[in-house]
Structure formats: structure tokens, C-alpha cells
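Trainee: Below is one structure. I have some questions about it.
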Amino acid sequence: MNALALIAPLLERLAGELPATAPQGHNIVGAQIAIGSLFSIHILIAGLVSGAGELGPAIEFLGFMRQRRGYDRLAHGLGRFITYYFSFSSTIAILLITVLLVGFWGHFWTTIVTIAWWPLFIEAWTFVLQVSLAYIWYYTWDPLRGFKGLHMAIGGLLAIASFLQVYMIDVVASYMLTPTTPQNPIRLVLNATSYPLTVHRTVGNLAYIGFVIGAFCAIRFVRAKTVQDKAFYDWAGSFGLLWGISMTLLQPIVGYSYAKEIQLHAYGSWYKMMLGTLSPVFLWQITLLGLMFLTATIYFARRLRTNGARGAGLLKVMAVGLVLTTLLAAQPYHLGFTYAAVASAGLDRPFWEGGLINPLGSMIPWKVLALMSYTLIAIAAVVWYLRGLPGVVWGAARRGEQRLLMLMAVLTILMMVTMGFIRENSRAPFLISGEMTIQGQQNVQPTVSPSPSGGG
Amino acid sequence: MGRLDAVYDWFDERTAVRSLVRKGLYEAVPKRGAWFYTLGSATLVLILLQLVTGIFLTLVYVPSVTEGWASLNYLKQHDAFGSIVRGIHLWSAYILLFVIGLHMVRTFFSGSYKRPRELNWVTGVGLFLLVLVMAITGAFLPWDQAAYWTAVVVTNVPAYTPFIGSFIRALWRGGDFVGPITLSRTFGIHVWLIPAILFPLILAHLALLRKHGEFGSYVNYRGAYRSREGVDVPPVPPQRPIEPPYPAVPTDELWAAPLETEDFFPFQTFKDGLVSVVLVIVVFLLAVAIGAPLEPIADPSTTSYTPVPEWFFLPLDELLLLVPQQLIPLALIVPAGGVLLLLALPFIDRGPERNPFERPAVMVPGGFAVLFVIILTLLGSGRLFNL
Amino acid sequence: MARDSRRLSRRQFAFLGTQAVGAVVTLLLGIPIVGFILSPLFHRQQVVWRQVGDISGVPDRQPTKFEVSFPLDEWTSSNVNLAVYVVKLNNEYLVFSNTCTHMQCPVRWQSDLGQFLCPCHGGLYDITGKNIGGPPPKPLPQYVHRIDGTTLFIQNSFTESI
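Chains as they are written, first to last, in the working numbering: chain W, 100 to 555; chain B, 11 to 397; chain A, 762 to 923.
And the structure:
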């Protein structure tokens, strides 16, 4: 009682400070930061969950075909991960939608739900499907050991549900960047960037879960006591990295096509990303990609060398090639030797007279060359590592390799945050390109929003 | 029956036809997974369908820039059966490209290209490339807008070869620009030149198949072809002598015979026939229901027509769309290098392991190649529907 | 072969003879066939002048399309229509083809963009024909032309090869 009496005036003062309703009309930046940071956390976890929902069944299948216990253990671990973190991720999503999006950007939210009602409706059901299948898949592991085919079929359904869920939300996300004018569901689903974005994100989630497996197993490897555990975590870490890098090397071509579609259909956003205010961030991103490939290649080389397996030498040469490629990609402009090249790149005038903010910050052609080399060298590195693998004794890895695995996960998370930042800011000041701005949100009271149609 | 047998004997004495038939039909082939092995015969059936319909199309078609389109337009307007024949020619070509791709992927997966069957694979890759050339050259012939602009773009692609590019382009076009000689040459290539190479190569492919016997896949074998940690298969005594030279010269584990076999005729041929007949029915239905389209006659002066590539040309076209001007030759090196790697595959991957899940160093890059083609096709597919 | 190695045996003679016969036939057939295939390469295209029409009505900075008929080839009497974009820039005339320098697709004038657009792979040219976007490696080709008063004549060849 005494304590309450003491803080009562404080509470009263605080209540007087707080706005009576959702903070409409002011503190736009605060709302943006809150939504942006929560979205980042949401995507970082949800990406893992849906990636695990697709990769887990694939690993189980591989284990069945190769008849090796390691795969089964790894897949089972992924199942456990999903059951733990699914609820966490969806809690953040619900918090985002119900409190932040509806509270701050009510007009936007009701509009997008009205337009994208069908995808969001399917999205809601895929959530139900995904979570039920994930729990069934995890908890029937041992009971269905004698019926592996049935169990793998459940896993396959889980993978499909996980994919559909990402696909449906990507339809909405891509619509926000490249809206279609006649609004019917088919048009909506086939909007210009929905395809590339879905492929880009699905492959990205699969890569991400691989790298996180690598880092997790690296930590467990260092702590492991028994020989069997050491062998398992060594193998699983290597597998995770191999999987992650294999998926990542599909990304340059998918991401580049995505950028091409943006160039064709949302030129303003493209200009901002490649040549405008966001181009330094993009430069950092392509450098980061090089660092990721480089780290993986160094891991491959070191891991083979530890056991004296063949191929370590050539992998080192590839690492040098990747350093050179990264330097090529990281240089801020394409080389202009003539005045015409300089002028056509916008270097001859300051940006307030129409020049480029990142002078000569053109992606073309050196960045494309760098992307091609990244991909080809990374494929070669993966193949060379696979060739050397029969000579590797699992459990013999050293700490250096494990540190590389952890570094890889850090780089990946940086990469994802960077890309999310670029993507969401390329539309600014629009929430839906050319149609709805953040400013517009603040002027509209939630009472005049269009008819809400449920969903979510 | 006796009289028929006598006739057969008479022929056999003069032609040795009996041993030929026996060699062709009564051969032991692996039993498990036999449905996968029907893809090869389906490819053959579709190629023969092409041959037959193609021959009959030449009865009407005139290889001329002024008359070619008109002859096909006549077919379309006034000859219902002729339209169906043309439809079958088109749709069986489309399905052929798909099936030959599947056949190739199946062979790749099962590791059937390994010793002693390297040349089966090499001739197969040759056949695949020739079929692609047939598809591309065939697309020129109707000389409607789609055909004309396909001809323009396709004959322009080799122009980016360093040093000799414009020479190759001019050689194909018969001049600097697409014109009457281009059509005559492409017709000659489509109707005479490529088939003259294609059909002997098919015979070589089949002769090699009979020489080494069908490999099937690792599930048909125990020992060296099986996974090292695989489920142990109890040894099965061979029920009958196995005819094809499975245990070829060195009779060690590497050349083990399949666990179970059955006769090619009538067991495998029945499966082959079922798959082929389904495909032929699908082709026929598509030919009747959709048929072969014919756009307005070629018009080089158009400024409103939007050329769209043939679907099988999409991956390359998407590459052309994505790659900036300075890197076009480099981008064309990638598919050319892919073809070379494909030809070299059996000489690179020489280990005895046939289980696809135990050959990651080959399957992973192969998977990437397939994935890249699929991704490029998907990314380009929007243009087919004018989205 | 125990005998004098310089002396041809009957078998060796027949062996070499067969090869020689094959070589003669190959040469006799090969030379004309290769020459025949290559002949269009060395054949100069027949260059003719054609009248495009009166260009006094072409508005400034607004590319206008004309169509001109040229003979298809020497052996036929048929003609082919070619597209000509006439651009008037400060009393100077530029005479463009509709052939994209990337893959030779048909270029069109997009008045909303103020640029020539190639619909195949998204190549862009500005009004002076300069390649400013997408994959085209060279500027839009121009026809060899002359102007008599207000009448434009063009030749079926470009000022620069593409």
C-alpha cells in the first residue's frame, strides 16, 4: 500500500504524458524505427523457421537415401528448432500487425488487406497448416520410424506449406513495390516482381538456415565432450555451410533479375538503389557478398588441409580470385577513362544539378562481371570441396574453422538486414509505390479507412 | 504357320534377318525402375513422328519468303487435315524437347554414362544438340512475324563470337541481313543437312545401347554400384544366363550384372509403348485443339510488333536481356562451356560409384546447371504471356 | 615386310591407291561445294537508291516513320518494305533504320519516354540515336541518304556496319 501511494503521483504524471489513442499524426520517425526494427527481428526469425521447414524434410530425405544417421539427427534438430521458435516468430508478427501496423498505419493496413485479401487469406491458412504439420512432423519422429515414407511425406507437405506461406506474403510485399493497376487476384499474384522476389527470398531463407546451422554446430562442436558429438557437429557444420553457400551462389542471378524487373517497372526505386542515395549501401552489400564467398572458400580450404585431403591448394587460389573479384565489385564506380564516359555516368556535374550522388555508381558492367565471377568461382569451390570430402575425418576440425562458421552467420545476418533496409527504403516515401505515402498515413483517421475485410 | 516359317527361313538365309531381330528384341534388360527407361524410346518415337509429319509437310510448303507463309496460310484456311499434321509436327517437337531433356537428366542421375558407355552419352549429347538445332531452324520456316524475328535474333547471336562472329552470321544468313537466302539455307539445314547427321547418329546410339546393354540404375546392382553404407541386399543367384555383355571383359565387381532382368520384348516394349502412346495422344489432342499458330506475314518494317522468343530459347534470351553490352561474348561463353562440359562429363567423372546420392561432386554442379536453366526460363516466362 | 622396305608391296600400293582416289573425289566435290556455300559472303549487295518522300512536313524533334520498298534480292522481282525514321533536329535531318544494334529487333519511337525502345531486350536510344540504356552496343544505324530540296532519297545500306 505504501509503495503504491509513493508511485501513484508518478503514474498519474506518466498517464498525462501518454497520448489517449494510438499516436496518430506525430512521431513518424519513431513509428518507422519501431516497425522497422521489429520487422527486422521478425524476418530474421521467420526466415529461419520457414527455411528450416523446407530444409529439414530435404535433409531427412537425403539421410534416408544415403542411410546415414547424421542426417536424421540434423533434421530432427531442425524440427525441434521449429517447434521452439515458431510461436516466438508469430508472436512478433501478431504484435506487429495488431499493435504497430494497425495503430500507426491503419489506413495502409486496411488498404493492403482489402487489395491483397486472397493472398492474405491463404497466408492465414498456410500458417495453420505449417504449424500443425511442423508439430506432427516433429512429434511422430520416433513413432513413425518404421514408416519412413509416410513421415517423409508429412515433411514434404510441411515444406510445401512453408513455401506457400513465404510466397503469399511476398505477393503482398512485391505488390507494394510494383503495384498493378487492374486489381484482380491473378494480376496481383503475377505482379512484376512477385516471381523474382519469391525465388530470391525462398533461396535466401534456405541459405540463411544453412549458415545458422553452421554457426550453431560450431558452438556445439567447441563444447562437445564425446567423440561422436564432435564428429556430428563437425560434419553438420560443414554441411550447413556447404548448403548455405550453394544456395547463396544462386542469388546473384536471381537478385540481378529482380533488380532488372525493378528497373523496368519501378524506375524511381531502381535509380535510388543503384545510382542514388542508397547506392553506397548497395555497394556495401555486393562487397559483403564477396566476403561471404571468401569466408566459405577459406573454410573449405582449411577444413581440407586439416586432414590433408586433396584440393586445399586450388581452393586457396580460388580464395585469392575471390579477393580480387571483391575488390573489383567494391570499387565505387565503373572505370571511366574518357570524358564521355565520365559525363555519361554523371560525374561532370554535382548532384544538385542532376549528377549522381554516388558518382559513376553504375552497376554496369563491372558489377555484373563481379557477380558472374563470384558465382563461377563459388561453384568451383563447392565442387572442389565435395571432391576432397572423402579424405576428411569428421571430428578433427580445429577452432579456426569453427570461428569461420560463426563469422559466416554474422555476415549473413548483416546481409539480410542490409537488403531489407535497401528494399524498404527504395520505396520511400511511398508505402505502396506511387499510391500511398507514409505522410498520408498520418493525415487519415482510422475511422475513414475503407471497409475492413478481415484476414491476417 | 509352316508356310510363314518357310518364308521367314527363305529371307533369313539371304539376309540374316533372324539374328538381327533376336539382337534387337530378345535381350535381357534391368527390371527395376523400368518406367524410367521408357524415356529413351519415347524420344525415338517423337523423333520418328517428326520425320513422318515433316515429310508430308514438304508436300505443301514452299521455302520462299514470298510463298512460304502463303502456303502454310492455305493449309490453315483450307486444309483441316493438313493443319492437324502441322500441329502434330509442332507439338511433338515441343514435347520432344521436354522428353529428351528428361531422358538426359535420367541418364545423368543414374550415372549410366560411365565406362564402358561413354560414347552412348557423347552421341546422346550430339543428338540433343541436333534436336535443338532442328527446333530453332524449324521455327524460321513459317516466315510469319514470330518466325522472321526469331530468325533475325537467332542468326544474330553468333555475331558476338570474337573475331569470326560476323562471318558466321553472314554464312548462315547468306548475306548481311536476313533474306531469301537465309530461308533457303535454313530450310536445307532443317530438312536435309541435320537429318542426314541425326538419323545415322540415332542408329549409332541404338547400336551402342545394344552393344553394352541397358545399364538401368544402381538399384539394379549390388556390390560396387551400391551405396557403401547401403542396405545389404542378400545375394540372389542368377535365374538365367544374362545375355548382354554386362560382365564385359574384366569380370570383376565393376562390371556386375543386374540382380533381376527381363526380356526387352515384350515386357519393356509394352511399357515403352504405353508411355509413347500416351505422348502421341497428347500431341494429337494438342494438335487438334490448339494447332500450330500462324501470325501475319513477316514485315521487317514493323514498329509495333513485339518479338517473343520460342520457349526453349528463353534461357538464352533471358541471358541476352540481363547481360550488358560489354559482356555479351562472355555470357555466350557460359552456355558454350556448358555444352563442352556436357560432352566431357563421362571423361571427368570416372569413378565406379553410380548412386546419385553418393556422387555429390558431380550431382551438385549438374543440379546447378539445371537450376540455372530453370530459373532463367521462369524469369523469362513473363514475356510469353505479355505481362 | 621382311623385303626391301622401300619397295611398295602390292597391298601397300592398293592401300595408297584407294586413299588417292578418295582424296581426288573429295577435292573435286569439296572445292565447288565450299565455294558455293561461301559465295554469298563475297557477293556485294546490290545498292539502289529509292525515294522516301517529301520531308518538309516532318515536325521538329518528333521522329516520323516512313516505309520504303526495296528489291528483295537479285533473283526475285519481289520487294521488301523497310522502315525509316526521319528525325528533324534544328534543321538537320537524321535518317534512322528501325534495326536495333543488339539483336536487330524492330526499334520503335516511344513518345512518352522520348526515346527509341527495343521491345526484345529493353534497349534504349535517345533522339540522336545514341544508345543510352540496355544492352545495345552501338548507336541506332543510319541510312546513307541525300536530300534534293525537300525530297529524301535513301540507299539500302547503313553508314556504319552493324
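For every residue, glycine included, the Cβ atom is placed at its ideal position computed from N, Cα and C. None of the values given here were measured: they were computed from a predicted structure.
How would you write the range of the alpha helix (DSSP H) that Asn-166 (chain B) sits in, first residue to last?
Mentor: 155-166
Trainee: Could you tell me whether the Cβ of Glu-128 (chain B) comes closer than 9 Å to any Cβ of chain W?
Mentor: no
Trainee: Measuring straight from C-alpha to C-alpha, what distance separates Pro-248 (chain B) and Pro-40 (chain B)?
Mentor: For Pro-248 (chain B), the predicted model reports a pLDDT of 46, less than 50, meaning its position is unreliable and no value from the coordinates is stated.
Trainee: Terminal residues of the continuous alpha helix (DSSP H) containing Ser-378 (chain W)?
Mentor: 378-405
Trainee: Give every residue of the same chain whose Cβ lies closer than 6 Å to the Cβ of Phe-150 (chain B), excluding the five residues on either side of it in the sequence, and list them in chain order.
Mentor: So the qualifying residues of the chain are Ala-157, Ala-161 and Thr-196.
Trainee: Consider the Cβ of Tyr-231 (chain B): report whether some Cβ of chain A lies at a distance smaller than 9 Å.
Mentor: No, Tyr-231 (chain B) does not count as interfacial toward chain A.
Trainee: When the distance is taken between beta carbons, is Val-285 (chain B) closer than 9 Å to Trp-45 (chain B)?
Mentor: Inclusion of Trp-45 (chain B) and Val-285 (chain B) in the CB contact set at 9 Å is warranted, their separation being smaller than that value.
Trainee: Measure the beta-carbon distance from Ser-356 (chain W) to Leu-389 (chain B) and round it to whole angstroms, keeping in mind my assumption that it falls under 8 Å.
Mentor: 5 Å
Trainee: For Leu-426 (chain W), count the other beta carbons within 10 Å of its own beta carbon; 16 or more makes it buried, fewer makes it exposed. Which is it?
Mentor: Flag for Leu-426 (chain W) reads exposed.
Trainee: At the 9 Å Cβ level, is Asp-834 (chain A) part of the contact set with chain B, yes or no?
Mentor: Cβ-Cβ to chain B under 9 Å: yes for Asp-834 (chain A).
Trainee: Residues of chain W with CB under 9 Å from Val-380 (chain B), in chain order?
Mentor: Chain W residues near Val-380 (chain B): none, gap ~12 Å exceeds 9 Å.
Trainee: From the beta carbon of Trp-810 (chain A), is the nearest beta carbon of chain B less than 9 Å away?
Mentor: no
Trainee: To the nearest angstrom, how far is the alpha carbon of Ser-378 (chain W) from that of Ser-368 (chain W)?
Mentor: 11 Å
Trainee: Using a cut-off of 9 Å between C-beta atoms, extract the partners of Leu-802 (chain A) located in chain B.
Mentor: Phe-177, Ala-180, Leu-181, Gly-184 and Gly-185
Trainee: Would Val-27 (chain B) be called buried (16 or more neighbouring beta carbons within 10 Å of its own) or exposed?
Mentor: exposed
Trainee: Taking 9 Å as the CB-CB limit, is Arg-522 (chain W) close to chain C?
Mentor: Protein chains W, B and A are contained in the structure displayed, whereas chain C is not.
Trainee: Below 9 Å between beta carbons: does that hold for Val-318 (chain B) and Arg-393 (chain B)?
Mentor: Yes, Cβ-Cβ distance for Val-318 (chain B) and Arg-393 (chain B) is below 9 Å.
Trainee: Along the chain, where does the beta strand (DSSP E) that runs through Arg-907 (chain A) open and close?
Mentor: 904-909
Trainee: Do you know offhand how far Cys-316 (chain W)'s Cα is from Thr-405 (chain W)'s?
Mentor: 18 Å
Trainee: For Ala-479 (chain W), I'd like the list of residues in its chain whose CB is within less than 7 Å of its CB, leaving aside the five on either flank, ordered along the chain.
Mentor: Met-417
Trainee: Is Glu-270 (chain B) helix, strand or coil by DSSP?
Mentor: coil
Trainee: The beta strand (DSSP E) that contains Asp-815 (chain A), what's its start and end?
Mentor: Unbroken beta strand (DSSP E) run through Asp-815 (chain A): 810-815.
Trainee: Just to confirm my understanding: we take Asp-186 (chain B), look at its own chain, exclude 5 residues before and 5 after, and list those with CB closer than 7 Å. What are they?
Mentor: Ala-180
Trainee: Measuring CA to CA, which of B:Arg-42, B:Arg-13 and B:Val-17 is closest to Val-229 (chain B)?
Mentor: B:Arg-42
Trainee: Any idea what DSSP makes of Glu-828 (chain A), helix, strand or coil?
Mentor: In the three-state reduction of the DSSP assignment, Glu-828 (chain A) falls in the strand class, which pools E and B.
Trainee: In the DSSP assignment, the beta strand (DSSP E) including Tyr-854 (chain A) goes from what residue to what residue?
Mentor: According to the DSSP assignment, Tyr-854 (chain A) belongs to the beta strand (DSSP E) that extends over 853-858.
Trainee: When you measure from the CB of Gln-780 (chain A) to every non-hydrogen atom of the ligand MG, does any distance come out below 8 Å?
Mentor: With respect to the ligand MG, the structure shown offers nothing to examine, as it has no ligands at all.
Trainee: Does the distance from the CB of Tyr-473 (chain W) to the CB of Leu-414 (chain W) come in under 9 Å?
Mentor: Not in contact: Tyr-473 (chain W) and Leu-414 (chain W) (Cβ atoms no closer than 9 Å).
Trainee: Would you kindly check if the distance between the Cβ of Gly-389 (chain W) and the Cβ of Met-346 (chain W) is under 9 Å?
Mentor: At least 9 Å separates the beta-carbon of Met-346 (chain W) from that of Gly-389 (chain W).
Trainee: Assuming Val-372 (chain W) contacts Ser-525 (chain W) under a Cβ cut-off of 8 Å, what Cβ separation, rounded to an integer in Å, is found between them?
Mentor: One detail in the question is off: residue 372 (chain W) reads as Met in this sequence, not Val. Going by Cβ atoms, the distance from Met-372 (chain W) to Ser-525 (chain W) rounds to 5 Å, so yes, they are a contact pair.
Trainee: Please list the terminal residues of the continuous alpha helix (DSSP H) segment that includes Gln-229 (chain W).
Mentor: Counting along the chain, Gln-229 (chain W) sits inside the alpha helix (DSSP H) bounded by residues 216-238.
Trainee: Should Gly-198 (chain B) go down as buried or exposed, given a rule of 16 or more other Cβ atoms within 10 Å for buried?
Mentor: Residue burial annotation: Gly-198 (chain B) is exposed, with fewer than 16 other C-beta atoms found within 10 angstroms of its C-beta.
Trainee: Just to confirm my understanding: we take Leu-403 (chain W), look at its own chain, exclude 5 residues before and 5 after, and list those with CB closer than 6 Å. What are they?
Mentor: Gly-410, Ala-411 and Gly-487
Trainee: Under 9 Å between beta-carbons, which chain B residues line up against Gly-883 (chain A)? List them in chain order, please.
Mentor: Leu-331
Trainee: Below 8 Å on the Cβ atoms is my contact criterion, and I expect Thr-396 (chain W) with Met-507 (chain W) to pass it. Report the Cβ-Cβ distance as a whole number of Å.
Mentor: In fact, because the Cβ distance is near 11 Å, the residues do not count as touching under 8 Å.
Trainee: By the three-class DSSP mapping on this structure, what secondary structure does Phe-520 (chain W) have?
Mentor: helix
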